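J.:
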Amino acid sequence: MLKALNKTGLVFFPAFDWAIDPTHPEREERLLYTQDQFTEEGIFDISGIIEYKPDLVTPDDIRRAHFCVPDEKTITTQSHLISAGGAKAIADAVLNHEVKSGFALVRPPGHHSMRVSHGGRGFCHINIEAIMVEYIRSQFGVKKIAIIDTDCHHGDGTNDIFWHDPDVLFISLHQDGRTMYPGSGFPDELGGPNAKGSNLNIPLPPGTSTEGYLYVIKNCVLPVLEEFKPDLIVNSAGQDNHYTDPLTNMNFSAQGYAELTSLLKPDIAVLEGGYSIEGALPYVNLGIILAMAGLDYSGVVEPDYNPERLRQTVSITDKIKKTTSLVNSYWNQKDTLRQKAGRIGDLVVRHREVFYDTDNIFERQKEKVRICRDCGGCFEIDSKATPGHHILAVHIPINACHSCKETGYRFFDQADVNKFDKVFLQDRPKDIYEIK
Amino acid sequence: MIIGIDVGGTNTDAVLLSSSSIEKKIKVPTDSEDLFNTILSSFTRLLDNIDPKKIQRVVISTTLTTNAIVQQNMDPVGMIVSAGPGIDPRVFSTGEHYYCVTGSINHRGREKAPINKMEIEDIAKRMKKAGIEYVGVVSKFCVRNPSHEMLIKRILNKYFKKVFLGHHVSGNLNFPRRIATTHLNAAVFSLHKSFFEAVKQSLEEMGLMVPIQILKADGGTMTFESSMSFPGQTVLSGPAASIMGAIPYAPENQDAIVLDIGGTTTDIAFLVNKAPLLEPVGIRRGQYKSLIRSLRTESKGIGGDSAVRVKDKELVIGPDRKGPAMAFGGQEPTPTDALVVLGLMDEGDQENAKEGIHKIAEQLCVTDEEAADQIFKKCCSVILKKTFEMIDKLNSKPVYTVHEFLEGYKISPRKILLLGGPAPYFAKKIEELYHIETDAVPESSVANAIGAALARTTCEVSLNADTELGIVTAHEEDFAEPISKTYSDDDLVETAYTLLKEKAVNSGADPDNLDEVEVVEFQKFNIVRNFSPRGKIFRAKMQLKPGLIKGFEKVLQ
Chain A
1 MLKALNKTGL VFFPAFDWAI DPTHPEREER LLYTQDQFTE EGIFDISGII EYKPDLVTPD
61 DIRRAHFCVP DEKTITTQSH LISAGGAKAI ADAVLNHEVK SGFALVRPPG HHSMRVSHGG
121 RGFCHINIEA IMVEYIRSQF GVKKIAIIDT DCHHGDGTND IFWHDPDVLF ISLHQDGRTM
181 YPGSGFPDEL GGPNAKGSNL NIPLPPGTST EGYLYVIKNC VLPVLEEFKP DLIVNSAGQD
241 NHYTDPLTNM NFSAQGYAEL TSLLKPDIAV LEGGYSIEGA LPYVNLGIIL AMAGLDYSGV
301 VEPDYNPERL RQTVSITDKI KKTTSLVNSY WNQKDTLRQK AGRIGDLVVR HREVFYDTDN
361 IFERQKEKVR ICRDCGGCFE IDSKATPGHH ILAVHIPINA CHSCKETGYR FFDQADVNKF
421 DKVFLQDRPK DIYEIK
Chain B
437 MIIGIDVGGT NTDAVLLSSS SIEKKIKVPT DSEDLFNTIL SSFTRLLDNI DPKKIQRVVI
497 STTLTTNAIV QQNMDPVGMI VSAGPGIDPR VFSTGEHYYC VTGSINHRGR EKAPINKMEI
557 EDIAKRMKKA GIEYVGVVSK FCVRNPSHEM LIKRILNKYF KKVFLGHHVS GNLNFPRRIA
617 TTHLNAAVFS LHKSFFEAVK QSLEEMGLMV PIQILKADGG TMTFESSMSF PGQTVLSGPA
677 ASIMGAIPYA PENQDAIVLD IGGTTTDIAF LVNKAPLLEP VGIRRGQYKS LIRSLRTESK
737 GIGGDSAVRV KDKELVIGPD RKGPAMAFGG QEPTPTDALV VLGLMDEGDQ ENAKEGIHKI
797 AEQLCVTDEE AADQIFKKCC SVILKKTFEM IDKLNSKPVY TVHEFLEGYK ISPRKILLLG
857 GPAPYFAKKI EELYHIETDA VPESSVANAI GAALARTTCE VSLNADTELG IVTAHEEDFA
917 EPISKTYSDD DLVETAYTLL KEKAVNSGAD PDNLDEVEVV EFQKFNIVRN FSPRGKIFRA
977 KMQLKPGLIK GFEKVLQ
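The listed protein sequences correspond, in order, to chains A and B.
Taken in order, the first sequence gives residues 1 to 436; the numbers are from this note's numbering.
Taken in order, the second sequence gives residues 437 to 993; the numbers are from this note's numbering.
Here it is, written out as structure tokens:
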């Protein structure tokens, strides 16, 4: 019988009774064929692959990563709480050293959910990786975490949540935002003034194949990880780069996903998107779990796989090389960029607009962040949703310096309750959340 | 009157029951070299002075196939396996004569690569030349589409005595387990067949003409005839016999623990509202994993005859057995000797038992009584610890829907039922130590034989309906029928019930004992492609629950 080389945890939660709506891509059937493939392969019988039951995340867990408006209960369903709880259960198994690494094969996904969440965008309501990462930081005191988002869509939610955080390296590989939802994730989006370069965005041209993905991993992601030296690597393992995915235009394969996983060696992988539920997911998920367990995955090949037909053009290869060297140069300049971002103690203001396609909500934000060299800097977000609520949200980062803690409380205390429906304070050092 | 016989590793227990009482009960040592003789002599003694025409039912549970596996004493058989994408099928090799061939079927049951007939012919000839008589054929996802297995069988038929197909084994997915199970059926077939033919013939010579029922690992019975295709199902029927024997004493609408304390091992199982818990997929024993339906039992290497020793000033009990207790002529002290020293057990040689326990007491620097008490307590705590671990594991079983997650049933037993020789002595101690109501089952030393005698037929059917493909199938039963787009949940349940009834009656079920049917799994999915609904997938599993036949309730009062 098979024995995994690396003890690997698996949370499998297909939520067979939950859908956004009956014909939506994010529906009951999505992981059915993956379950069939896993069961038929005998994955749950492999010695060293341990199946865990998902937890249910609590409002306190969500409040470390999000400001849910009007509250957690209104914008989530039980399914979201279990999906995030699946990621949390895997985190526990890995951080308690029960397994070397783990895969949360859960739905619904979460990487389009931003720090302020008024509802659903891009099939996501709450950000399951971010909730997990904040849980790991509070519960286990892990300092430096890298999140590599390989979903075909820009992981704009995760990008937003860790925008100002120099201790969380977020790298997203995705189809070019000019051709794909959510339309963001360009190389010059590098993070807030205190965390420039700790967010790297690598847009890839439509038609990128396995060769292109692995080029970026080897020539950008791995060297950057080598330098950042994270204590923990998380992979937001979206599977919509697959050549059969109905929503995207890429040419990635199950073999490619498995090889990417064995190169990246994530401690935790969390399923994100991926909507080719029959032609891709069963094989891609199988490739990922086998690669994590250190087992031979060479036989995991889609029945209709034809590498010749999927080969990328020379011009695509050139574009990818150019983007990679651009991103690398930004990474190398990150310290200078942070120095130039402003004077310590200054408040930098950013205005932006966020559209929630799933729930049809329009949000305007005004954000003020304190320039700081000692921590990620505290910030406040004035957010008004139409239809919806007008709120003020104050965040004090987990490793906040004394000045940022004080400034954060000043933001909160000075907020005029008559002007907002609600005012929130997320004090990460104390792990408390206040509402007025 | 009915007869139940349980041939165990150490002893064989047999009972003759009338509708009002236990007419006869016997216990004889098992001759593992000659199980046939053991069974026959049990029958001879039971039928002494009894008119064989009065016997309406005979159920036999044996260790025949279990022994064959343990002793690696199985026929060499051939295996042909087709896999397609996924884990390399060579990993699941069953030994020599194991061939991986081309051909592939995907998770929906669609053919992705055809079978190469020439390749199969070639392999058939090579196996034939090597003297192979029985062959197993398994293709990945055959429970979705068995056409490759059937095609291969057609080619093999002319070369071999019998060909076993993977999709007949179970409706469950699990390719590695299906390979192991199909191989097991093929490998024990001739042993099983010749053994039970001999038993049947001898019983007929005694004038016993009723069909023989054989106990399965899931605590149900099947007829000798229907066992021919699945002889592997008789593996581990022993623990099942005991659990069935505890059912009459289990509380209604509550959970109970069943502990069968034997000589070498203790089997642990659970009853939920008088129904035994089943393994979710099939029998597991260490590395060995199968698709054989089975009661959920676990064995702990501790029993009345376990060797007791002191290691680093700590008591160690089992997992080995060095022979009987010293009170009964053995060489090493055992928990049974502790019972004798404590004055709980009157049988056996007091002096020998004392001598054994004294050796332990000296090493522990305590009195003989204290040592005996420590041994006894330690036995209880080892068994109960394992039991509580099992409960935790059962309660943390992953679930796949939001509803199951929120409504998940948690097992919380309020009662312990004890079986086996030392059961009456243990009951009081366990109750005292753990404050759980604990009863020794009446007639606990032959409860296993009573369980076998009263076990009813069980079976299960698995159906898969796909309205996009327009078909409902139960490949395990060789059933496939076209369906319309409007096929519904109710239609599926109705089809399942018809198939289950037919299967049950064919396996020897009494048509009056068919009301304990339940749907154990039901799933429904919309198939959507390019944002428009294309159809529905329904999956259902229906079973005839393990339980006892009617009309013998009085025996157990």
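Even glycine gets a Cβ: it sits at the ideal position worked out from N, Cα and C.
Quick caveat, the model's predicted, so the values are computed rather than measured.
Counting along the chain, where does the alpha helix (DSSP H) carrying V692(B) start and finish?
T.: The sequence shown places Ala at residue 692(B), rather than the Val named in the question. Run containing A692(B): none in the alpha helix (DSSP H); it sits in the beta strand (DSSP E), 691 to 697.
J.: Are the beta-carbon atoms of A643(B) and K576(B) separated by less than 8 Å?
T.: Going by the sequence as given, residue 643(B) is Gly instead of Ala. Their beta carbons are not under 8 Å apart, which means G643(B) does not touch K576(B) by this criterion.
J.: Mind checking whether L225(A) and F103(A) have CB atoms under 8 Å apart?
T.: no
J.: Could you check the C-alpha separation between I458(B) and K490(B) for me, to the nearest Å?
T.: 15 Å
J.: Is there a Cβ from chain B that is less than 8 Å from the Cβ of W18(A)?
T.: yes
J.: Please classify V134(A): is it buried, with 16 or more other beta-carbons within 10 angstroms of its beta-carbon, or exposed?
T.: Per the sequence presented here, residue 134(A) reads as Glu, with Val not at that position. The residue in question, E134(A), is buried, as its Cβ has 16 or more Cβ neighbours within 10 Å.
J.: So which of F824(B), G844(B), H839(B) has the shortest CA-CA distance to K995(B)?
T.: Residue 995(B) is absent from the structure shown; chain B starts at 437 and stops at 993.
J.: Report yes or no: is there a C-beta of chain B within less than 8 Å of the C-beta of T407(A)?
T.: no
J.: Between the alpha carbons of L263(A) and S298(A), how many angstroms are there, rounded?
T.: 15 Å
J.: Which stretch, first to last residue, makes up the alpha helix (DSSP H) that contains N485(B)?
T.: That residue, N485(B), is in no alpha helix (DSSP H); it is neither H nor E in DSSP.
J.: Residues of the segment 135 to 149 of chain A with a CB closer than 9 Å to any CB of chain B: list them in chain order, please.
T.: none
J.: Should the segment 580 to 593 of chain B be regarded as contacting the segment 521 to 533 of chain B, the criterion being three or more beta carbon pairs within less than 8 Å?
T.: No, because fewer than three Cβ pairs between the segment 580 to 593 of chain B and the segment 521 to 533 of chain B fall closer than 8 Å, the two stretches do not touch.
J.: With a threshold of 8 Å between beta-carbons, can A341(A) be considered close to chain B, or not?
T.: no
J.: Compute the distance between the beta-carbons of E28(A) and N962(B), then report whether it is under 8 Å.
T.: yes
J.: Near Q312(A), which residues of its chain fall below 7 Å by C-beta distance, leaving aside the five closest residues on each side in sequence?
T.: G207, T208, S209, E211, G212, N251
J.: For a contact defined as C-beta to C-beta under 9 Å, what are the partners of L2(A) on chain B?
T.: I523, V527, F528, P612
J.: Look at A146(A) and V270(A) and say whether their C-beta atoms are less than 8 Å apart.
T.: no
J.: From S817(B) to K597(B), what distance separates their C-alpha atoms?
T.: Those two C-alpha atoms are separated by around 52 Å.
J.: Is E278(A) helix, strand or coil by DSSP?
T.: coil
J.: In the DSSP assignment, what are the bridge partners of M658(B)?
T.: I650(B)
J.: Could you tell me which residues DSSP puts in a beta bridge with G450(B)?
T.: Checking the sequence, you will find Ala at residue 450(B) rather than Gly. Residue pairing for A450(B): DSSP places it in a beta bridge opposite I441(B), I462(B).
J.: Who are the near neighbours of F186(A) in its chain, counting only those whose CB is closer than 8 Å to its CB and skipping five residues on each side?
T.: G177, N201, P203
J.: Three or more C-beta pairs closer than 8 Å, one from the segment 34 to 54 of chain A and one from the segment 857 to 864 of chain B: is that the case here?
T.: no
J.: When we look at the beta-carbon of Q339(A) and count the other beta-carbons within 10 Å, is it buried (16 or more) or exposed?
T.: exposed
J.: Please report the straight-line C-alpha distance between L295(A) and G857(B), rounded to a whole angstrom.
T.: In a straight line, the C-alpha of L295(A) is about 47 Å away from that of G857(B).
J.: So H619(B) contacts chain A; which residues on that side make the cut at Cβ distance below 8 Å?
T.: Residues of chain A passing the Cβ test: none, with the nearest at roughly 13 Å.
J.: I131(A) versus chain B: which residues are under 8 Å apart at the beta carbon?
T.: Going along chain B, no residue has its Cβ under 8 Å from I131(A), so there is no contact; the nearest lies around 17 Å.
J.: Flag N509(B) as yes if its beta-carbon sits less than 8 Å from any beta-carbon of chain A, otherwise no.
T.: no
J.: Does the pairing of the segment 536 to 549 of chain B with the segment 647 to 663 of chain B give three or more beta-carbon distances under 8 Å?
T.: no
J.: Can you list the residues of chain A that R892(B) reaches, using a CB-CB cut of under 9 Å?
T.: Those within 9 Å of R892(B) in chain A number zero; the least Cβ separation is about 30 Å.
J.: What residues in the segment 821 to 844 of chain B have a beta carbon less than 8 Å from any beta carbon of chain A?
T.: S832, K833, P834, V835, Y836, T837, V838, H839, F841, L842
J.: Report the neighbours of S540(B) on chain A: residues whose CB is nearer than 8 Å to its CB, in chain order.
T.: What S540(B) touches in chain A: P303.
J.: Which residues share a DSSP beta bridge with K1073(B)?
T.: Coverage of chain B is limited to positions 437 through 993, which leaves residue 1073(B) absent and any answer about it impossible.
J.: Can you find the residues in the same chain that come closer than 6 Å, C-beta to C-beta, to G85(A), ignoring five residues on each side of it along the sequence?
T.: P54, D55, L56, V57
J.: Over what stretch of residues does the alpha helix (DSSP H) that includes D60(A) continue unbroken?
T.: 59 to 62
J.: Rounded to the nearest angstrom, what separates D487(B) and M437(B) at their Cα positions?
T.: 10 Å
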